[in-house]
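Notes for the one structure printed next.
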Amino acid sequence: MQRERLNVEIPESFRCQVTTKVGAPLGKSRTSVGKPTEQTMSTATSFGVIHASVMDVVAAAVAEHHAVPTNTKLAWQPAAPATPNDIYVKTAANTTQDKYVKLTLQNYSDVLQQVWDNASKIRNAQASFKLLLFVYI
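Right, here's the structure in full:
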């Protein structure tokens, strides 16, 4: 007998964890810059604001990394047009890096809803919901 799942609406605000990774997007990067940073976001927040906020977090992580003289310098300049500014999202708990989804203006709402729906498939996952975002440098 299959249990019926209760559909819960996505909350007005949710936790978001930003991780800065060194390597090619969707590759097998195991190296992170600093510790993941957690923020609280609103579902009403636009993609542009989310993107700017995430890039601020990445810039802070890179600056903190560069502040230690023994660390290698990372080639990431937030103001440079050639700098990758792509944000990737982990859509499900068991998603591997090569299957992360690139977050764009066009798919932002749909991907957010997809991650929320995927969380409903795991017991108590919506209660501890956290949007996992990754930026590769």
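In this note's numbering, the protein residues as written are 1221 to 1357.
Note that CB positions come from ideal geometry on N, CA and C, so glycine has one too.
Handout entry: Contact the region 1308 to 1327 vs the region 1277 to 1285: 3+ CB pairs below 8 Å
Key = no
Exercise for the section: For M1221, count neighbouring C-beta atoms within 10 Å of its own C-beta (all shown protein chains included) and say buried if the count is 16 or more, exposed if not. Expected result: With a pLDDT of 49 at M1221, under the threshold of 50, the modelled position of this residue cannot be trusted; read the value that follows with caution. That one is exposed.
Problem - Rounded separation between D1306 and A1339 - CA only - result: 23 Å
Exercise for the section: Pick helix, strand or coil for K1319, following the three-state DSSP scheme. Expected result: helix
Practice task
Enumerate, from N- to C-terminal direction, the unbroken alpha helix (DSSP H) stretches of 4 or more residues contained entirely within the region 1262 to 1304.
Solution key: 1267 to 1286
Problem - Assigned secondary structure, Q1326 (DSSP; H/G/I helix, E/B strand, else coil) - result: coil
Handout entry: Exposure label - N1310; buried when at least 16 CB within 10 Å
Key = This sequence places Lys at residue 1310; Asn is not what is there. Per the 10 Å Cβ criterion, buried.
Handout entry: For L1246: DSSP bridge partner residues
Key = Answer by DSSP bridge pairing: none, since L1246 is not bridged.
Exercise for the section: Specify the secondary structure class of V1253 as computed by DSSP and reduced to three states. Expected result: strand
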